[in-house]
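Just remember that the working numbering sits 3 ahead of the position in the sequence shown, which is counted from 1. Notes follow the structure.
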Amino acid sequence: MSTQIISIPPTMGIREAFFKMKENAIRHLPIVDDHNTLVGIISDRELRRPNWVDEAQDIAHVYYLDNAMLVSDVMITKVHVVHTYDTLNKAVSLLLDNHIGAAPVLDKTENLVGMLSAIDLLRALKDSIDQQRKTK
4 MSTQIISIPP TMGIREAFFK MKENAIRHLP IVDDHNTLVG IISDRELRRP NWVDEAQDIA
64 HVYYLDNAML VSDVMITKVH VVHTYDTLNK AVSLLLDNHI GAAPVLDKTE NLVGMLSAID
124 LLRALKDSID QQRKTK
């Protein structure tokens, strides 16, 4: 889990969100309100294959729009989350069952405390395998 959270407000323009992902080499951005409450998420998937683009529009044009379209216009609001008290198995199932590459991690008070990615889960699996090999 990454605890260095890069989050954005729902009022950010999509162009700015796109460049925030690019400059930080991340694929998912949790969207939080003024109280650090998770209100949505946006991924590079929404920006690469936007379903909000009219077929007549050129996607290249959309990427170079000014920030007239906001993150709140395209964010996913039904966010699949992991809690700090969830098991590794539950986290793996969440990502697999929902075909998602990452999920925000919330603590007991529903505050955003991290992001869990499929890469994090693969690292945990590798560590577990390595540990098992050492004990044999």
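Heads up, the beta-carbon is just placed ideally off N, CA and C, and yes, glycines get one too. Computed from a prediction, not measured in an experiment: that's the story for all the values here.
Contact fails between the region 80–97 and the region 14–32, because fewer than three Cβ pairs, one in each stretch, are under 8 Å apart. For the pair residue 17 and residue 33, the CB atoms are not nearer than the 8 Å cut-off. The C-beta distance from residue 6 to residue 77 rounds to 26 Å, too long to fall under 8 Å, and the pair is not in contact. When the five nearest sequence neighbours on each side are left out, the beta carbons in the same chain lying within less than 7 Å of the beta carbon of residue 24 are those of 30, 32 and 47, in order along the chain. Secondary structure at residue 116: strand, using DSSP grouped into helix, strand and coil. Here the region 124–138 does not lie against the region 105–112, with fewer than 3 beta-carbon pairs under 8 Å apart. Counting along the chain, residue 10 sits inside no beta strand (DSSP E), nor does DSSP assign it H or E at all. Per DSSP, the continuous alpha helix (DSSP H) segment holding residue 20 begins and ends at 17–27. Residue 138 sits in a helix when the DSSP states are folded into three classes. Residue 122 carries a helical assignment under DSSP once its states are collapsed to helix, strand and coil.
Counting of Cβ neighbours within 10 angstroms places residue 71 among the exposed residues, the total staying below 16.
Secondary structure note for residue 105: its beta strand (DSSP E) is the uninterrupted segment 105–109.
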